[in-house]
Amino acid sequence: MLRSWLKSRDAGGARVFARWTLPAIAVLVAATFVLSAALLLHAGRQEDDRSRIRTETQIRGLMAQEEGRLMRTLAAYADSGDSYAHLHLTVDLDWAFTRDNLGPKLHRLLGIDQVLVIGPDDRPVYELVAGMPRTPDPAHLPPGVPSTLEDARAGSVHGLFWVDDKPAILGVAALTPGADPTLARDGRKESLLLFVRFVSDDVLGRIGQQMALADLHLARENAAETEPLALSTRNGPPVKLHWTTHAPGQTVTAMVLPWLMASGGALVVLTWLTLAHASSSAREMERATRLMHDNREALLASEGRFRDVAEAASDWIWETDSRFCLTYLSERFEVLTGRPAAGLIGQPLDRILSATDGAFAAWAQRAETHPPVPLTCRYVTADGATRICRLAARAVRGADGRITGFRGTATDITAEVEAHRQVEHLALYDPLTSLPNRALLMEFLAGALSGAEAGKRNVAALRISLVAFKAVTERYGLPAGDDVLTDAAQRLRQNIHDNDLVARLGAEEFALVASAPASRAAIESMCARLQAAVSAPYVLPEGDEVQIGCAIGVALAPADAVTPEDLLRCAELAMQYAQGEDGPGVAFFTADMNEQVRTKRTLEHDLRRTVGSEDFVLLYQPRYCTETLELVAVEALVRWLHPRFGLLSPDQFIPLAESTGLIVPLGEWALRRACSCIAKWPDLVVSVNVSPVQFRQGDQLLEAIRSALKESGLPPRRLELELTENVLIENTEKALEVLQEIKKLGVGLAMDDFGTGYSSLSYLRNFPFDRIKIDRRFVSDLDQGRDGQGIVEAILALARALGLAVTAEGVETSSQYSWLRKGGCDEVQGFHFARPQSEADLLLLKPRVRTHA
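Just so you know, the sequence shown maps onto residues 44 to 896 in this note's numbering.
Here's what the structure looks like:
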């Protein structure tokens, strides 16, 4: 209509068009925008409703997390042999409150507001409120709780309750001996442990902070607030929570609606003006005609670009008739396969492709009634190479809806398939040795154990650790170590039966599964063969010959364990035992090895619980001036007063503290305590040992030193840190930076156990040490003749040449002291002079008398 009007330029027709068509279009546009605004308002309200529902769901979830956190704390105390012994077998108030096992720290640290211990007769026997004791009274039991006590003994009871007219999370659980094998149930009904945490502003504030709700609170009576969230309780009305609901829909509506209405009005006016001006000039029609011509040219150019992209892509395009006979192959087919396309037109598609994951005929038949799914196929190029492609197809239908043919693409996925195969191999095999890895080992071991558990056969698991391998890598480098590892893996594989499997578990550790060993003697014979094979010399590519050994731990199924994890763990314990012998050997798992691990875990648990507490004490080993025998310094030594194992020396718990990282807080505690104690003497120097684990935390160690000196007031020159060369081996440059920062503080540095490492001399030259301490092994050799004396003479001469002071450790005889005095040693310490002293004993040795300037 518009085109006819423009061509005829009929003035009367233009007036009719302007009178009726233009207003109708403007009204239609306005109606569209009004409808859009209404839909926007509706969508905003729906989004606000969804936002509130999401918020309610999150609040319920976080309240459930608070309940779960309380129940985990309750379970930790209820399933404890100590709690069972001191709260059920007997009610030990001293253990519970005075020693703070179930006392104020529950409220102070864990936020438990109320604690009740309910005896077998369902009457409270112990009660805490806000961390303070209260006389037990049955009336203090929250309403509804007495009826749940038997349920709590059968499992546990927990949920929301009203306690003292306040909503609270409450949990009740039975006291049990837990895993303590020394305790047995006494036949009475179990006592119960009840924890209460009130739903206070702190709890709601924490939940609100996690959800960005600043005003989450309990609903107020008669307050003009929106509908609250009701959380059901087990002994009263629901707990109602209220908050200011986020209204994202309302916010978006307020932002968008004015712009929508403004743009709608502007568009109505613009539409009116555009259509009015369209009738004023025929040039607009000519411009539209030219624009249509330009668009047609652009479409042709776009089609040309598509053809170019199709030919340049890695895929090739094909078309067939309804019988899957080829009617078209793109030029890319010839480039990728080297075969002429013209000679294949009219041939069936499966003449050049063969399906790998299904029959081509079935795929083609299904394509006639269902949308074709991609099919993986193989084809052979002109040079005889086999390639893999993914065939994608789409049916072509005529005007009557019948299938007239198919067209699609063939994508080369050869590299993808090969990469997938390599990923699968890497998931199950070690890339260096090509041995199975832990995942494949566990799968194989599970299959072997299925027969062992049924009593059909025995299974042996071996853990093999290479000995002296680290020395090879340190001397010859990692590539040489890789060569030795690969050769060792091949030797292990050559010395097992066809039904056995050997895998690599770690840097220098392997595992072997013998699925059906004939006897223990056969296993011992196999271990001997494996040790002999591994211990044979290795020739490196450079021609050097090296030799290593191995330690082997053996565990048997079903005698030792029946699950893969437990059997390998038993074998690992046996391997550790084999490593601890005089030389690498073979060890079979025994029950006492498991007991050693249990003891170690007990120590680790207790260490985590008590580190830095009063269970640890510092003793001070005096150091004397060799010439005057004046007490000039002490070495701080930590001891652990374990409630079960008694007084433990450092070698019994320091390695455990280092392996768990607990040495950091323990070392900081020792540093603070030593500085605080020795600051009471006017001129005494204290030396504190620093662990390699502490030293790795360079900035934290420096801050701990500054803090200890500041808090105690001890002058930095009276603090000395003792380090072994193990501290310096890992990262020499970083170690030098940390030592220089320590020296800037004015603190002294001493190398402990000097002479026991092969690189100590280089450390003395490069690091700012003030003192060296001769290891007690060299001091003890002074009584053995010139060989031992010559080593100490050399150390003393070296110290004098470098300007370092010398302290001899472990002096136990007068002859040793006499020799060291004549040799010019500066200081001595050892049992010949004094054993490690407590602070009180040290005061007797050296009273705190201040000198006057």
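Glycine included, each C-beta is placed from N, C-alpha and C at the ideal position.
| Asked | Found |
| --- | --- |
| Cα-Cα separation between N144 and R651, rounded to whole angstroms | 15 Å |
| Burial state of V239 (16 or more Cβ within 10 Å) | buried |
| Outcome for Q743 when other beta-carbon atoms lying within 10 angstroms are tallied against a minimum of 16 | exposed |
| Beta-carbon proximity of L247 to L259, cut-off 7 Å | yes |
| Unbroken alpha helix (DSSP H) run spanning V660, endpoints | It is not in any alpha helix (DSSP H) - V660 instead sits in the beta strand (DSSP E) that spans 659-668. |
| Straight-line gap, C613 to M636 (C-alpha atoms, nearest Å) | 8 Å |
| Own chain, CB closer than 6 Å to R716, minus 5 neighbours either side, in chain order | L661 |
| F553 (DSSP reduced to helix, strand or coil) | strand |
| Beta-carbon gap between Y422 and I395 smaller than 7 Å | yes |
| Same chain, Cβ closer than 7 Å to A195, five either side skipped, listed in chain order | V215, A216, A217, L235 |
| CA-to-CA distance, G791 to E780, given in whole angstroms | 15 Å |
| V770, buried or exposed, once every other Cβ within 10 Å from all chains shown has been counted against 16 | buried |
| Best match in V728, R142, R666 for proximity to P758 [C-alpha to C-alpha] | V728 |
| Continuous alpha helix (DSSP H) stretch holding K865: start and end | 857-866 |
| Limits of the unbroken alpha helix (DSSP H) element including A883 | 882-888 |
| Pairwise C-alpha distance: E678 and I591 | 40 Å |
| Short Cβ contact (7 Å threshold) for W724 with R878 | no |
| Q783 to S857 span [Cα, whole Å] | 38 Å |
| According to DSSP, residues forming a beta bridge with Y120 | Answer is none; Y120 lacks a bridge partner. |
| Where A621 falls, given that 16 or more other Cβ within 10 Å makes a residue buried | buried |
| DSSP beta-bridge partners of Y169 | V160 |
| Cα-Cα separation, F241 to L105 | 15 Å |
| Segments of 3+ residues assigned as beta strand (DSSP E) that fall wholly inside the segment 364-430 | 369-372, 418-423 |
| Minimum C-alpha distance to A600 - residue among P560, T363, V502 | V502 |
| Nearest neighbour of I817, chosen from L863, R829, D726 [CA to CA] | L863 |
| Classification of D463 by the beta-carbon crowding that lies within 10 angstroms, buried from 16 upward | Here residue 463 turns out to be His, not Asp, going by the sequence shown. Answer is exposed; the Cβ neighbour count stays below 16. |
| Cβ neighbour criterion (16 or more within 10 Å) applied to A211 | buried |
| Length-filtered (4 minimum) alpha helix (DSSP H) runs lying within the segment 544-617 | 563-578 |
| Residues near L117 by beta carbon distance below 7 Å, same chain, minus five either side | G214, A216, L236, F238 |
| Where Q157 falls, given that 16 or more other Cβ within 10 Å makes a residue buried | buried |
| Expected contact under 8 Å - CB spacing of Q533 and R666 to nearest Å | That belief does not hold up - the Cβ atoms of Q533 and R666 are roughly 55 Å apart, past 8 Å. |
| Among A571, P176, E852, L471, nearest to G596 - alpha-carbon criterion | A571 |
| A598 vs F553 beta-carbon contact at 7 Å | no |
| Own chain residues within Cβ distance below 6 Å of D393, not counting five before or after | F403 |
| Anticipated Cβ contact below 8 Å, A489 with P607, distance rounded | 5 Å |
| Expected contact under 8 Å - CB spacing of K513 and L674 to nearest Å | The Cβ separation is near 43 Å, so there is no contact. |
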